[in-house]
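For the sequence shown, the residue numbers in mature numbering (1 follows the signal peptide of the UniProt record, and there is no 0) are -20 to -1, 1 to 390. The beta carbon of each residue, even a glycine, is placed where N, CA and C say it ideally should be. Okay, structure first, notes after.
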Amino acid sequence: MIRTLLLSVVALLAAGQSCSSPDYDVDYYGNDIKSTKQSSADACCSDCQNIAGCVVYTWRNGYCYHKYAKGNAVDAPGTVSASVVSASNQCGVLEQNTDYPGNDIASTWQSNPSDCCSDCQNTPGCVVYAWRDGICYHKSAKGTSQYVPGVISVAIPSSERQCGVLEQDTDYPGNDITRTDTNTAEKCCELCSTNPKCVVSVWYNGACYLKDQIGSKVKVKAAKAYRVNSSNKPTSAPTPPPSNGDLGAQLVYQLSVIRQAHGLNAVEYDYDMAKQMQAWADDCSQHPQGGHGGPYGVQNLAPALECGDDCMKQEGPSWWWYDEIKNWDFNTNSCTDESGANGGCGHFQNSLGTWVTAMGCGWSSCYNSNIGRNDPLVWCNYRGNGNDYAIPRPKKDLNSIHAELTAAFK
């Protein structure tokens, strides 16, 4: 049976699929996001590539268990596991006993130097990393190389925008830039990759639709979608606001720091949404007793810091909402405090949702008759067009994340 599986995997790789060599009798426990049914382990590879967030799978008894993170390896006779290595996650050659001192911008923890690759790609500005003793040091520039025993360095190859994995029977309705005719879905994606506004292409019966946003994913038989990405240009964090940033600047910056610690995209500040939120917040008659309200959307509410235009040197509501991580079970991607007795998980889920791409907030201090005084509050709504999948574990400890919230403004 092992020989049959090995031959199947070799055939798969020869056909252009890109999963790692299989690990036999090994499971990477936990972090499951979905399962599919396949008669052989090699067939799980394409399933994993077409599931948002999947980076590793385990096959057992005809089922593929797709996972968003590579957990601890455990002995599991009869299972076969492998990692996905897509074209957009490939880094350069490992340089043994080599360091590029200086230019450090972030660090993450990985037991294998190759696993630093995706971390670097998800760190804005990272072009090279050095690994030593389980730590990846991400750098903004490739300085002069030095011989350092035990250090392994890798440079991120520059590349043009690339087509991602083919999504069969998939459409993303709306957000069309243009429509043209092409013979193949691949040619359609090629056109998308040359259009700086295009982020996804959909091909159907010879018609090629180029789109500037990734909307809701729907199943359409015979439709073929490709997302366009660049391996060295991940979604970047907003430029750090000045030290005198207001509460809105603090909220979006600190949330971006938190999200990127989980390997998620940074968020942008939606000024149109914020304008609507602020207009509602300023009308005290709309919320005489506080509480949620205002423009429709996914919303978080918290006490507002009265910090004027000098908010960047202290933690704020984005961190307070994040505190609910203590109630989140990453193995089951669920809340352990559904009753809300210890704060619940609602704020954590709203702000860490993998689909979130932007936020807008409004704040005010109005008289609250329930408490007999002014009640400073901030309301933030979230929007997005990303994929909704399991929230990944943080790649840093909470103390390190907390320190990064204000480190640039001390």
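Closest Cα partner of residue i within the set the options
{"i": "R159", "options": "D27, C143, D149 and C178", "result": "C178"}
{"i": "Y251", "options": "A229, A282 and S265", "result": "A229"}
{"i": "P275", "options": "W260, C264 and D7", "result": "W260"}
{"i": "L190", "options": "V198, A203 and C168", "result": "C168"}
{"i": "G42", "options": "D22, Y249 and Q29", "result": "D22"}
{"i": "G333", "options": "I157, W111, A370 and C97", "result": "A370"}
{"i": "S331", "options": "T312, E248, C291 and S345", "result": "E248"}
{"i": "S125", "options": "M292, P81 and Y117", "result": "P81"}
{"i": "W359", "options": "N83, N185 and M253", "result": "M253"}
{"i": "V134", "options": "S120, L146 and E147", "result": "S120"}
{"i": "P372", "options": "V336, N311 and N185", "result": "N311"}
{"i": "E170", "options": "D192, E147, Q148 and V208", "result": "V208"}
{"i": "N83", "options": "G277, L227 and A110", "result": "A110"}
Residue i to residue j span [Cα, whole Å]
{"i": "E166", "j": "W183", "result": "9 angstroms"}
{"i": "W308", "j": "Y127", "result": "43 angstroms"}
{"i": "I85", "j": "W343", "result": "33 angstroms"}
{"i": "A246", "j": "L235", "result": "8 angstroms"}
{"i": "G58", "j": "Y8", "result": "13 angstroms"}
{"i": "P153", "j": "W89", "result": "39 angstroms"}
{"i": "R353", "j": "Y347", "result": "5 angstroms"}
{"i": "N365", "j": "L244", "result": "14 angstroms"}
{"i": "A62", "j": "S265", "result": "58 angstroms"}
{"i": "G320", "j": "P297", "result": "18 angstroms"}
{"i": "S349", "j": "P268", "result": "7 angstroms"}
{"i": "L(-8)", "j": "C188", "result": "The predicted model places L(-8) with a pLDDT of 32, which falls under 50 and marks its position as unreliable; any figure quoted below should be read in that light. If you take the alpha carbons of L(-8) and C188, they lie about 29 angstroms apart."}
{"i": "Q29", "j": "V35", "result": "8 angstroms"}
{"i": "T316", "j": "C325", "result": "8 angstroms"}
{"i": "C(-2)", "j": "V64", "result": "4 angstroms"}
{"i": "H118", "j": "P93", "result": "12 angstroms"}
{"i": "N361", "j": "A56", "result": "44 angstroms"}
{"i": "C96", "j": "S19", "result": "32 angstroms"}
{"i": "I157", "j": "V232", "result": "29 angstroms"}
{"i": "C106", "j": "D263", "result": "44 angstroms"}
{"i": "T164", "j": "G195", "result": "22 angstroms"}
{"i": "G288", "j": "G225", "result": "8 angstroms"}
{"i": "V6", "j": "Y206", "result": "32 angstroms"}
{"i": "S223", "j": "E286", "result": "Its pLDDT being 45, under 50, S223 is placed unreliably in this model, and the coordinates cannot settle the point."}
{"i": "Q329", "j": "C172", "result": "33 angstroms"}
Chain-order list of residues whose beta-carbon lies under 6 angstroms from that of residue i (same chain, five-residue window excluded)
{"i": "H327", "result": "N280, W301 and E304"}
{"i": "D27", "result": "T16 and C44"}
{"i": "P374", "result": "A241 and H242"}
{"i": "G323", "result": "E304"}
{"i": "D151", "result": "V182, V198, V200 and A203"}
{"i": "V(-12)", "result": "At V(-12), the pLDDT of 32 sits below 50, so the modelled position is not reliable; the number obtained from the coordinates is stated separately. Closer than 6 angstroms at Cβ, skipping near neighbours: P2 and D22."}
{"i": "E295", "result": "L385"}
{"i": "W39", "result": "A21, C24 and V60"}
{"i": "H272", "result": "Q279 and L281"}
{"i": "K376", "result": "A241"}
{"i": "E75", "result": "S133"}
Residue interval of the beta strand (DSSP E) (run including residue i)
{"i": "Y117", "result": "I115 to K119"}
{"i": "N77", "result": "E75 to D79"}
{"i": "T160", "result": "D156 to D161"}
{"i": "E166", "result": "That residue, E166, is in no beta strand (DSSP E); its alpha helix (DSSP H) goes A165 to S173."}
{"i": "N280", "result": "V278 to P283"}
{"i": "E384", "result": "Per DSSP, E384 belongs to no beta strand (DSSP E); it is in the alpha helix (DSSP H), L378 to T386."}
{"i": "R373", "result": "Element bounds for R373: n/a, residue is neither H nor E."}
{"i": "C44", "result": "Y43 to K47"}
{"i": "G130", "result": "Q126 to A135"}
{"i": "V237", "result": "V237 -> not in any beta strand (DSSP E); alpha helix (DSSP H) instead, spanning L227 to A241."}
{"i": "E295", "result": "Element bounds for E295: n/a, residue is neither H nor E."}
Segment limits, alpha helix (DSSP H) that includes residue i
{"i": "Y251", "result": "Y251 to D262"}
{"i": "S18", "result": "Per the sequence presented here, residue 18 reads as Gln, with Ser not at that position. Looking at the DSSP string, Q18 is not in any alpha helix (DSSP H), and its letter there is neither H nor E."}
{"i": "D99", "result": "C96 to Q101"}
{"i": "D27", "result": "C24 to Q29"}
Cβ neighbours of residue i in the same chain (closer than 7 angstroms, five flanking residues each side left out)
{"i": "P129", "result": "N77"}
{"i": "P283", "result": "P356 and L357"}
{"i": "N379", "result": "none"}
Neighbourhood of residue i by C-beta distance below 8 angstroms, restricted to the same chain and skipping five residues each side
{"i": "S91", "result": "G114"}
{"i": "W299", "result": "Q234, I238, H382 and L385"}
{"i": "Q256", "result": "G274, P275, G340 and G342"}
{"i": "A338", "result": "V247, E248, Y249, D250, M253, Y362, R363 and G364"}
Inset, instruction - Scan the segment 300 to 352 and note each continuous alpha helix (DSSP H) run of 4 residues or more that stays entirely inside, going in chain order. - result: Entirely contained in the segment 300 to 352, the alpha helix (DSSP H) runs reaching 4 residues are, in chain order, 326 to 332.
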